[in-house]
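Written out below as structure tokens is the structure these notes cover.
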Amino acid sequence: MASPPWLARDTGAAWISRLADEAVAEAGRRAQDGPVVCASRLTPSGPLHLGDLREVMTSHLVAEELRHRGHDSVHVLFWYDFERFGGAPSGIGVPAGTRRAWNEHIGKPLTSVPSPPWSAYLNWAYYFEEPMIAALADLGVTFRGASQERLYASGAVRERVLVAVRERARIGAALARHRTDPGAAATGSGTTSGAEAGSPGYFPYRPYCSACDRDPTTVTSYDDETTALAYTCACGHAETVRLAEHGRGRLAHEVELAVFWAHEGVVFEPSRFSPASPGPSLAAAGRIIREVFNGERPLGAVHAPVCVSGMARKDRSGRVPTPAAALAVMDPPLLRLPYVRHRPEQPFTIALGRELQRAYDEWDALAREVADGTAEPAEAVAYRRSAGATGRPLPAPPRPLPYHLLASVVNITAGDGGRILRVLHDLNPGDPVASLDELWPRLDRAAHWIAGRIPAGHRPRIRETPATGLLSSLGAAERASLRHLLDGLDENRSLDDLTALVYGVPKLQAGSTADAAPELKAAQRAFFALLYTLLLGCDSGPRLPALLLALGPDRVRRLLGA
Ligand SMILES: [Zn+2]
Numbered sequence: 241m242a243s244p245p246w247l248a249r250d251t252g253a254a255w256i257s258r259l260a261d262e263a264v265a266e267a268g269r270r271a272q273d274g275p276v277v278c279a280s281r282l283t284p285s286g287p288l289h290l291g292d293l294r295e296v297m298t299s300h301l302v303a304e305e306l307r308h309r310g311h312d313s314v315h316v317l318f319w320y321d322f323e324r325f326g327g328a329p330s331g332i333g334v335p336a337g338t339r340r341a342w343n344e345h346i347g348k349p350l351t352s353v354p355s356p357p358w359s360a361y362l363n364w365a366y367y368f369e370e371p372m373i374a375a376l377a378d379l380g381v382t383f384r385g386a387s388q389e390r391l392y393a394s395g396a397v398r399e400r401v402l403v404a405v406r407e408r409a410r411i412g413a414a415l416a417r418h419r420t421d422p423g424a425a426a427t428g429s430g431t432t433s434g435a436e437a438g439s440p441g442y443f444p445y446r447p448y449c450s451a452c453d454r455d456p457t458t459v460t461s462y463d464d465e466t467t468a469l470a471y472t473c474a475c476g477h478a479e480t481v482r483l484a485e486h487g488r489g490r491l492a493h494e495v496e497l498a499v500f501w502a503h504e505g506v507v508f509e510p511s512r513f514s515p516a517s518p519g520p521s522l523a524a525a526g527r528i529i530r531e532v533f534n535g536e537r538p539l540g541a542v543h544a545p546v547c548v549s550g551m552a553r554k555d556r557s558g559r560v561p562t563p564a565a566a567l568a569v570m571d572p573p574l575l576r577l578p579y580v581r582h583r584p585e586q587p588f589t590i591a592l593g594r595e596l597q598r599a600y601d602e603w604d605a606l607a608r609e610v611a612d613g614t615a616e617p618a619e620a621v622a623y624r625r626s627a628g629a630t631g632r633p634l635p636a637p638p639r640p641l642p643y644h645l646l647a648s649v650v651n652i653t654a655g656d657g658g659r660i661l662r663v664l665h666d667l668n669p670g671d672p673v674a675s676l677d678e679l680w681p682r683l684d685r686a687a688h689w690i691a692g693r694i695p696a697g698h699r700p701r702i703r704e705t706p707a708t709g710l711l712s713s714l715g716a717a718e719r720a721s722l723r724h725l726l727d728g729l730d731e732n733r734s735l736d737d738l739t740a741l742v743y744g745v746p747k748l749q750a751g752s753t754a755d756a757a758p759e760l761k762a763a764q765r766a767f768f769a770l771l772y773t774l775l776l777g778c779d780s781g782p783r784l785p786a787l788l789l790a791l792g793p794d795r796v797r798r799l800l801g802a
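Position 213, counted from 1, in the sequence shown is what the numbering used here calls 453; the numbers after and before it change by one each time, with no gaps.
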């Protein structure tokens with residue numbers, strides 16, 4: 241059967257439906273009780289980027305689609321907070337010279353490392369987790385968090401840990417078969433203790449030392465009967481613990497992955513394509529869950545990276561493009577949209593610079609098409625998946641004024657609420673903005689965007705007095721242009737009318753046949769530069785229609801020498 245033509249475009253509807261179909265089929269085949277479990281994994285060892293968000297969004301969107309179809313589904317987010325700390329990464333706002341201060345914590349679990357002194361968080365892991373949790377709440381992403389540390393400490397995975405250790409020879413052999421590829425061997429398994437996988441001394445569990453809380457430990461003996469486990473640590477400590485009561489240690493990565501999959505019954509879990517750091521071998525973990533735990537590896541989707549434009553990978557203060565940074569300038573539905581629209585294997589770019597204005601314009605146009613029923617079906621589905629989650633719409637301004645307009649008005653008014661309202665009140669005299677409440681949360685984000693792009697000292701400054709010298713030196717054509725603009729000010733009070741007016745003046749000057757000619761472009765540039773000089777004292781500034789609106793006709797008249 242041929243696909244409908246809009247499916248072929250894969251504008252956002254198709255891949256989510258396809259993965260949800262597969263998850264339903266897989267859950268049915270397994271016939272396991274309870275909800276269909278979609279999972280994702282995050283390691284809070286450093287700032288969590290918009291790229292990390294992709295893994296979470298992919299699982300979220302599939303889980304959402306299952307709920308939308310009436311299936312019971314849950315999104316389990318594994319926080320890998322029990323990983324060993326490897327040092328303070330760059331890009332967290334820690335000055336390079338002081339990063340060494342954290343070196344004394346290398347080898348401890350992330351939850352045992354103090355958070356940076358300027359933060360209020362309990363530990364290193366929470367310092368990076370908490371902003372992500374807040375961003376996910378804003379994005380409407382619901383999940384059940386599963387802390388790696390607590391899974392061990394609570395005893396939730398203890399039985400499977402004991403099985404893994406009992407079956408260590410079989411696991412070691414399975415892993416060794418996956419280590420023939422030198423690329424995979426290089427990453428190894430960070431927690432393999434004692435000897436390499438495949439050797440008779442292979443041991444899949446590594447305790448954190450109870451004296452120094454670090455992981456340079458070696459298991460020296462293990463008794464399968466009593467589960468007595470003896471280890472030594474590089475710090476000199478030696479101890480014997482009972483594994484059946486121990487919760488302060490970790491399985492090797494692939495074994496752990498298999499245990500977590502089995503513990504939660506994960507049906508779908510995306511993973512990242514990253515040739516630089518392949519991470520645990522999914523194939524090896526798949527073999528372990530099948531051979532040792534009588535389970536099955538989840539369905540997956542390998543996703544491509546997310547690029548960001550308009551924000552440096554790391555700016556001078558060390559900030560990186562996190563979801564929180566994007567949400568400071570973008571409404572949640574707008575940030576959800578690219579994750580919805582692109583198949584996992586397609587890379588995409590989130591524009592936080594100038595292109596953000598166009599992204600907003602396109603979003604508003606799509607919203608209008610959806611509202612009046614003219615949107616293409618696939619686009620309407622992409623809109624639904626972006627505009628709301630868990631059956632609820634995400635916060636949206638009652639009056640979605642163009643983002644570029646809000647940014648310009650904030651810029652011109654220096655963010656003063658009273659002046660913003662006065663300008664916007666006049667915007668559409670037939671249906672005036674009565675309160676700034678109609679513009680939240682978008683107004684806030686436009687204000688952030690402007691603040692991030694234009695330092696306070698570089699905001700446009702409106703002239704106090706007319707540029708009399710320049711006005712008296714104008715030629716006849718320039719005077720005629722200004723006169724034409726001034727004559728139109730009174731009957732053109734809305735943004736659209738003012739736009740037509742300012743673009744109409746140079747057209748009139750250049751002659752009506754010169755529609756796309758270079759002369760018209762040159763005439764426009766010259767006229768706009770003249771207006772900026774007369775109004776602001778410099779030759780560029782915010783968009784002129786918004787500027788004229790913000791100033792009001794009386795002030796414009798005075799500055800243009802009327
Ligand atoms: Zn130690």
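Note that the Cβ used here is the ideal one computed from N, Cα and C, for glycine as well.
In this text the structure is predicted, and so the values were computed from the model without any measurement.
Got a sec, what are the start and stop residues for the alpha helix (DSSP H) residue i sits in?
| i | result |
| --- | --- |
| Ser648 | Tyr643 to Thr653 |
| Val405 | Arg398 to Arg406 |
| Arg598 | Glu595 to Ala611 |
| Ile256 | Ala254 to Arg270 |
| Phe767 | Pro758 to Leu776 |
| Thr708 | Thr708 to Ser712 |
| Ala374 | Trp364 to Asp378 |
| Glu531 | Leu522 to Phe533 |
By the DSSP assignment, the beta strand (DSSP E) with residue i in it spans what residues?
| i | result |
| --- | --- |
| Pro447 | Tyr445 to Pro447 |
| Ser313 | Ser313 to Trp319 |
| Thr589 | Phe588 to Ala591 |
| Tyr462 | Thr457 to Tyr462 |
| Gly489 | Gly489 to Leu491 |
| Leu469 | Ala468 to Cys473 |
| Ala565 | Looking at the DSSP string, Ala565 is not in any beta strand (DSSP E); the run it does join, the alpha helix (DSSP H), is Pro563 to Leu567. |
For residue i, I'd like the list of residues in its chain whose CB is within less than 7 Å of its CB, leaving aside the five on either flank, ordered along the chain.
| i | result |
| --- | --- |
| Trp680 | Pro637 |
| Ser243 | Residue confidence is low: Ser243 scores 41 on pLDDT, short of 50, so the model does not pin down where it sits. Its coordinate-derived value is still stated next. Hits under 7 Å: none found. |
| His311 | Val264 and Val276 |
Decide if residue i is buried, meaning its Cβ has at least 16 other Cβ atoms within 10 Å, or exposed.
| i | result |
| --- | --- |
| Val542 | exposed |
| Ala254 | buried |
| His698 | exposed |
| Gly380 | buried |
| Asn534 | exposed |
| Thr705 | exposed |
| Asn732 | buried |
| Gln388 | buried |
| Ala214 | It is not possible to answer for residue 214, since the shown part of the chain is limited to 241 through 802. |
| Gly715 | exposed |
Please go through the same chain and pick out, in chain order, the residues whose beta-carbon is closer than 6 Å to the beta-carbon of residue i, but skip the five residues on each side of it.
| i | result |
| --- | --- |
| Val405 | Tyr445 |
| Leu664 | Val673 |
| Gly655 | Ala687 |
| Arg685 | Val569 |
| Gly423 | Interpretation of Gly423 is limited by its pLDDT of 46, a score under 50 that renders its predicted location unreliable; the figure taken from the coordinates is listed afterwards. Closer than 6 Å at the Cβ level, and outside the excluded window around Gly423, lies no residue. |
| Leu577 | Ser626 |
| Asp604 | Pro640 |
| Gly801 | Pro706 and Leu711 |
| Pro545 | Gly291 and Pro587 |
| Met551 | Pro561 and Leu592 |
Do residue j and residue i come within 8 Å of each other at the CB atom, strictly closer than that value?
| i | j | result |
| --- | --- | --- |
| Glu504 | Gly540 | no |
| Phe383 | Leu376 | yes |
| Glu295 | Arg512 | yes |
| Phe767 | Ser721 | yes |
| Ala263 | Val499 | no |
| Val745 | Leu301 | no |
| Leu483 | Leu469 | yes |
| Pro793 | Val742 | no |
| Arg527 | Ala416 | no |
| Ile590 | Leu789 | no |
| Gly286 | Pro329 | yes |
| Glu536 | Arg270 | yes |
Should residue i be listed as close to ligand 1, given that the test is whether its C-beta is under 7 Å from any heavy atom?
| i | result |
| --- | --- |
| Arg454 | yes |
| Ala451 | yes |
| Cys547 | no |
| His477 | yes |
| Cys278 | no |
What does a CB cutoff of less than 8 Å around residue i pick up in its chain, not counting 5 residues either side in sequence?
| i | result |
| --- | --- |
| Leu574 | Ala599, Tyr600, Trp603 and Ser626 |
| Gly327 | Arg339, Trp342, Asn343 and Ile346 |
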